[in-house]
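One structure is given below, encoded as structure tokens.
What follows is the structure in structure tokens.
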């Protein structure tokens with residue numbers, strides 16, 4: 002990032018107005034809004050945050066739609082709770098909207114507004130929705146509605162949404178991987194927490210392994226000490242065991258990986274032949290983290306999202322579930338051990354994930370009070386290069402550059 006971008010970065014950590022301006026830049030960027038398992042039945046809905054704007058996602062039969070959470074009449078929020086089920090109706094004056102976002106039920110419409118709801122032509126601002134596996138992504142790709150009182154689109158929004166890429170194009174090699182990984186028969190286990198730190202501080206911590214020995218004494222440090230063949234006698238990850246693929250605005254960590262592994266994994270997931278073989282992380286810009294790891298004889302997936310709530314507060318949402326890939330039994334004992342342990346693994350995985358993330362959160366909450374003073378570029382080592390990539394992508398978004406061409 003250049004000097005101006007570093008200044009914007011620092012101000013967004015301490016200044017509410019700078020934070021709001023930052024978030025507005027992310028409205029045209031594909032962002033995770035929720036899971037299809039959150040809305041399993043007709044008319045189920047969830048309220049979400051997209052670029053600092055309140056939106057909601059609702060199931061209409063087999064279709065999933067998203068809208069800005071503002072009634073076009075007097076701008077009252079339509080959804081006032083985190084989730085629920087029911088028609089799209091504003092509680093303020095009972096205006097009702099259909100699945101296309103069109104106002105179809107307006108009390109006393111002809112008497113008070115001089116026409117029918119159809120003649121008024123009022124509609125909610127849509128959110129473009131796309132799914133990958135059970136993940137629901139959204140973005141604002143259409144200009145704000147031209148109803149009275151609606152805001153005009155900014156120049157950045159106009160340029161960012163013209164010729165914008167599909168979700169599949171945006172995710173690139175991660176598309177077939179997420180489509181294969183994010184398949185479950187039962188809803189994933191979920192945990193949520195509120196952290197008193199800016200979202201970028203939290204997300205950047207996931208983009209490097211250098212902190213593991215210092216910050217995680219009861220987990221990673223212990224693992225490093227008992228397995229020196231993998232991690233070395235110093236207790237730190239061996240640099241040659243860290244492979245960092247970069248694709249689009251995204252990045253990854255493959256333990257003991259090599260060039261071409263990400264493309265190979267994507268191909269195997271696409272044709273259904275992928276089998277877990279090592280610890281891997283995918284970081285999907287701007288704020289999504291996917292971990293794929295082994296627990297005893299089974300394989301698990303954790304998904305974490307860092308949702309910006311304020312310049313100094315982040316909502317961290319995490320889901321974990323058993324990976325949906327067949328595991329070849331090495332012996333009858335291996336199969337028996339899996340059958341015995343698998344029902345109990347969630348009771349082990351959940352607490353350990355909470356302990357790990359809690360240690361990360363504590364570091365970021367300590368950093369937050371002075372984060373606004375940091376305007377210089379960080380000194381990034383070999384295990385921290387993904388932070389530099391993330392900051393480049395962040396600078397491109399705030400500069401209104403195209404996500405694929407960099408223009």
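In my numbering, the protein residues as written are 2 to 408.
We put the beta carbon where it would ideally sit given N, CA and C, even for glycine.
As the structure is a prediction and not an experimental result, all values here were calculated from the model.
Per DSSP, residue i forms a beta bridge with which residues?
i	result
residue 84	47
residue 323	301
residue 127	68
residue 244	255
residue 193	318
residue 291	283, 304
Roughly how many angstroms lie between the CA atoms of residue i and residue j, to the nearest whole one?
i	j	result
residue 88	residue 52	25 Å
residue 90	residue 97	4 Å
residue 288	residue 109	45 Å
residue 300	residue 23	37 Å
residue 334	residue 292	28 Å
residue 332	residue 286	41 Å
residue 107	residue 139	28 Å
residue 274	residue 339	21 Å
residue 181	residue 191	20 Å
residue 116	residue 103	15 Å
residue 17	residue 272	47 Å
residue 369	residue 199	7 Å
residue 114	residue 193	44 Å
residue 365	residue 13	15 Å
residue 313	residue 21	12 Å
residue 93	residue 270	48 Å
residue 219	residue 251	30 Å
residue 373	residue 197	14 Å
residue 9	residue 216	28 Å
residue 111	residue 118	8 Å
residue 141	residue 83	20 Å
residue 249	residue 5	23 Å
residue 188	residue 122	39 Å
residue 74	residue 131	28 Å
residue 257	residue 279	8 Å
residue 49	residue 78	12 Å
residue 30	residue 327	34 Å
residue 170	residue 68	23 Å
residue 255	residue 105	52 Å
residue 294	residue 303	8 Å
residue 167	residue 367	38 Å
residue 391	residue 32	15 Å
From the DSSP output, in three-state form, read off residue i for me.
i	result
residue 171	helix
residue 114	helix
residue 395	helix
residue 255	strand
residue 278	coil
residue 133	strand
residue 208	coil
residue 77	coil
residue 362	helix
residue 353	helix
residue 318	strand
residue 348	helix
residue 22	helix
residue 285	strand
residue 328	coil
residue 339	helix
residue 370	helix
residue 261	coil
residue 166	coil
residue 100	coil
residue 216	helix
residue 17	helix
residue 311	strand
residue 142	coil
residue 35	strand
Thinking residue i and residue j are a contact (beta carbons under 8 Å), I'd like their distance in whole angstroms, please.
i	j	result
residue 64	residue 135	Rounded, the Cβ-Cβ distance is 16 Å, inconsistent with contact.
residue 60	residue 40	4 Å
residue 388	residue 213	Not quite, the Cβ-Cβ distance comes to about 15 Å (not below 8 Å), so this is no contact.
residue 1	residue 240	The structure shown does not extend to residue 1, since the chain is modelled only from 2 through 408, so no value can be given for it.
residue 47	residue 58	5 Å
residue 243	residue 281	About 12 Å separates the two Cβ atoms, so there is no contact after all.
residue 7	residue 376	5 Å
residue 137	residue 62	With a Cβ gap of about 16 Å, residue 137 and residue 62 do not count as contacting.
residue 185	residue 379	Not really, about 38 Å apart at Cβ, beyond 8 Å.
residue 297	residue 346	7 Å
residue 237	residue 386	Not a contact, Cβ separation roughly 16 Å.
Closer than 7 Å, CB to CB, is residue i near chain B or not?
i	result
residue 11	Considering every chain present, this structure includes no chain B. It has just one protein chain.
Just checking residue i against the ligand ADP - is the residue's beta carbon closer than 6 Å to any of the ligand's heavy atoms?
i	result
residue 339	Judged by which ligands are present, the structure shown has none, so any question about the ligand ADP falls away.
> Would you call the region 306-314 and the region 200-209 in contact, with 3 or more CB pairs under 8 Å?
Replying inline: yes
>> Using 8 Å as the cut-off, can you tell me whether the region 174-183 makes contact with the region 261-268, which would need three or more C-beta pairs spanning the two stretches below that distance?
In response: yes
>> When you compare the region 308-327 with the region 351-361, are there three or more beta-carbon pairs, one atom per stretch, that lie closer than 8 Å?
In response: yes
> Are the region 19-33 and the region 386-406 touching by the rule of at least three beta carbon pairs closer than 8 Å?
Replying inline: yes
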